[in-house]
Amino acid sequence: LVARMHEFGTTVFAEMSALAVRTGAINLGQGFPDTDGPAEMLAAATAAIRDGHNQYPPGPGVPELRAAIAEQQRRDWQLGYDPDGEIVVTAGATEAIAAAILGLCESGDEVVCFEPYYDSYAASIALAHAVRRPVTLRPGPDGYTFDPDELRAAFGPRTRLLLLNSPHNPTGKVFTAAELALIAQLCQEHDVYAVTDEVYEHLVFTDSAAPHIPLAGLPGMRERTIRISSAGKSFSCTGWKVGWASGPARLVSAVLRVKQFLTFVNAGPLQPAVAVALRLPGSYLTGVRDRLQAGRDLLTAGLAEAGFGVHPSSGTYFVTADIGPLGGRDGIEFCRALPDRCGVVAVPTQVFYDNQEVGRRVVRFACSKRPEVLAEAANRLRALA
Ligand code: PMP
Ligand code: GLN
Numbered sequence: 009l010v011a012r013m014h015e016f017g018t019t020v021f022a023e024m025s026a027l028a029v030r031t032g033a034i035n036l037g038q039g040f041p042d043t044d045g046p047a048e049m050l051a052a053a054t055a056a057i058r059d060g061h062n063q064y065p066p067g068p069g070v071p072e073l074r075a076a077i078a079e080q081q082r083r084d085w086q087l088g089y090d091p092d093g094e095i096v097v098t099a100g101a102t103e104a105i106a107a108a109i110l111g112l113c114e115s116g117d118e119v120v121c122f123e124p125y126y127d128s129y130a131a132s133i134a135l136a137h138a139v140r141r142p143v144t145l146r147p148g149p150d151g152y153t154f155d156p157d158e159l160r161a162a163f164g165p166r167t168r169l170l171l172l173n174s175p176h177n178p179t180g181k182v183f184t185a186a187e188l189a190l191i192a193q194l195c196q197e198h199d200v201y202a203v204t205d206e207v208y209e210h211l212v213f214t215d216s217a218a219p220h221i222p223l224a225g226l227p228g229m230r231e232r233t234i235r236i237s238s239a240g241k242s243f244s245c246t247g248w249k250v251g252w253a254s255g256p257a258r259l260v261s262a263v264l265r266v267k268q269f270l271t272f273v274n275a276g277p278l279q280p281a282v283a284v285a286l287r288l289p290g291s292y293l294t295g296v297r298d299r300l301q302a303g304r305d306l307l308t309a310g311l312a313e314a315g316f317g318v319h320p321s322s323g324t325y326f327v328t329a330d331i332g333p334l335g336g337r338d339g340i341e342f343c344r345a346l347p348d349r350c351g352v353v354a355v356p357t358q359v360f361y362d363n364q365e366v367g368r369r370v371v372r373f374a375c376s377k378r379p380e381v382l383a384e385a386a387n388r389l390r391a392l393a
């Protein structure tokens with residue numbers, strides 16, 4: 009194995025899901041839902057397979073899906089992208105993130121990202137021989153925030169791009185308009201690209217202090233931003249791995265150039281099905297959001313009663329909590345022992361930090377499960393109190 013990959017072991021999601029299978033515990037670790045996506049989407053996929061749409065689709069993705077992605081971005085965010093040249097379909101958001109970093113970073117270039125970061129960011133940056141410059145999100149009375157001076161200081165002559173995930177996994181933070189304005193200002197001052205991971209764009213809770221705002225919509229940002237999203241979370245099909253990147257043609261063509269040689273194209277019959285999902289009435293997604301929010305509430309209450317220090321979540325599939333009040337000192341140890349202690353699996357967050365101390369006592373629970381499953385998990389967690 010090449011040296012630059014030595015720091016990356018088996019992903020924490022794989023480890024914790026295996027632990028759940030081994031112990032039979034309720035898996036609130038890896039973020040996936042336990043119900044299926046819309047019936048219309050599932051029917052469209054089986055119809056596409058039955059009707060013979062089983063050979064290589066076009067490189068940038070099937071036209072029908074690219075058109076639906078363009079419509080959705082215009083409808084939801086007033087962002088206009090040309091389906092021919094400004095949108096490319098990828099193997100999940102993960103491939104889009106990797107291809108964007110590999111396509112834009114020279115060896116030694118720096119990538120600014122907020123920590124805790126989604127685990128694939130660090131690996132993709134390393135694969136590109138680039139260098140990550142983490143800016144730490146810290147929990148506080150107003151949710152997770154960062155120090156603007158720390159962000160300013162992270163930008164320098166070698167900064168090539170900024171990677172932003174909002175709504176944010178694992179914290180459930182939705183970046184505010186003021187935070188995004190500072191990010192946009194710094195990207196422009198330092199002539200840096202932005203890559204935005206918006207896979208939770210539709211999963212912002214109604215009591216979030218901030219709405220979701222795509223960074224690409226801020227003045228001066230469209231031309232320097234690659235906006236990434238995915239069907240997995242919105243439409244409860246994380247195993248389909250259908251994602252996409254949108255941006256100005258010159259940036260999207262950089263993504264496509266790399267993507268061609270990572271996967272060439274992605275699962276053909278799933279693409280028209282995702283187009284069907286994107287065209288469903290808005291009530292579908294607000295329904296997903298409302299059920300998730302009810303799950304968040306159940307889980308938050310259960311964790312608080314169990315004695316965790318809960319950090320309120322404004323969106324995504326996740327809630328984070330401090331194990332300190334329960335006497336926990338290390339999230340990894342805590343999560344490895346949790347199935348035996350109470351039959352629940354969670355993931356430690358320190359693995360998503362360079363400054364691991366900040367996250368050492370914080371663990372993440374998924375609320376993307378049916379209410380009866382979350383209620384049972386909450387009961388089991390109360391046994392810790
Ligand atoms: N980014 C974030 C923040 C995620 O939570 C996930 C997991 N859904 C991904 C990217 C990967 O998305 P996909 O499964 O579409 O590759
Ligand atoms: N995005 C999901 C999570 O954060 C899972 C992704 C994965 O297993 N790689 O839990």
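Residue numbers (full-length UniProt numbering): 9 to 393. Yeah, the Cβ is synthetic: ideal placement off N, Cα and C, and Gly gets one too.
Check your understanding: Can you give the Cα-Cα distance for Asn-363 and Leu-50, rounded to whole angstroms?
Key -> 42 Å
Check your understanding: DSSP state of Pro-46, grouped into three classes?
Key -> coil
Check your understanding: Given Ala-28, which residues of its chain have a CB within under 6 Å of its CB, disregarding the five upstream and five downstream residues?
Key -> Asn-35 and Val-353
Practice item. Determine the DSSP secondary structure at Thr-102, reduced to helix, strand or coil. Key: helix
Check your understanding: Does the ligand PMP have even one heavy atom less than 7 Å from the beta-carbon of Thr-43?
Key -> no
Point to revise | C-beta atoms of Ser-194 and Leu-226 nearer than 8 Å | key: Per the sequence presented here, residue 194 reads as Leu, with Ser not at that position. Cβ distance not < 8 Å, so Leu-194 and Leu-226 don't count as in contact.
Point to revise | Backbone secondary structure at Ser-254 - three-state DSSP | key: strand
**Study point:** Three or more C-beta pairs below 8 Å linking the stretch 112–124 and the stretch 148–168
**Key:** yes
Check your understanding: Cα separation between residue 5 and Trp-252?
Key -> The structure shown does not extend to residue 5, since the chain is modelled only from 9 to 393, so the question has no answer here.
Review point. Just checking my contact of Gly-339 with Val-370 at CB under 8 Å: how many whole Å lie between their CB atoms?
Key: 6 Å
Point to revise | Residues near the ligand PMP, criterion Cβ-heavy atom distance below 5 Å | key: Gly-100, Ala-101, Thr-102, Tyr-126, Asn-173, Asn-177, Asp-205, Val-207, Ser-238, Gly-240 and Gly-251
Check your understanding: Is there contact here, the stretch 52–61 with the stretch 384–391, by at least three beta-carbon pairs under 8 Å?
Key -> no
Review point. Rounded to whole angstroms, how far is the Cβ of residue 3 from the Cβ of Glu-123, which I believe are closer than 8 Å?
Key: The structure shown does not extend to residue 3, since the chain is modelled only from 9 through 393, so no value can be given for it.
Review point. Just to confirm, does Gly-39 get its C-beta within under 7 Å of one of the non-hydrogen atoms of the ligand GLN?
Key: yes
Check your understanding: Any heavy atom of the ligand GLN within a distance shorter than 7 Å of the CB on Thr-19?
Key -> yes
Review point. From what residue to what residue does the alpha helix (DSSP H) around Pro-347 run?
Key: 339–350
Check your understanding: Between the Cα of Gly-335 and the Cα atoms of Ala-47, Thr-184, Gly-317 and Gly-351, which residue gives the shortest distance?
Key -> Gly-317
Practice item. Could you round the C-beta distance between Thr-214 and Gln-301 to whole angstroms and report it? I think they count as a contact, below 8 Å. Key: 7 Å
Review point. Which residues mark the beginning and the end of the beta strand (DSSP E) in which Val-139 is found?
Key: 139–144
Check your understanding: With a Cβ-Cβ cutoff of 8 Å, do Leu-135 and Leu-110 count as a contact?
Key -> yes
Review point. Would a C-beta distance cut-off of 8 Å place Val-203 and Ile-95 closer than the cut-off?
Key: no
Review point. Alpha carbon to alpha carbon, what distance is there between Ser-132 and Ile-77?
Key: 25 Å
Check your understanding: What separation, rounded to the nearest whole angstrom, lies between the Cα atoms of Phe-342 and Val-266?
Key -> 40 Å
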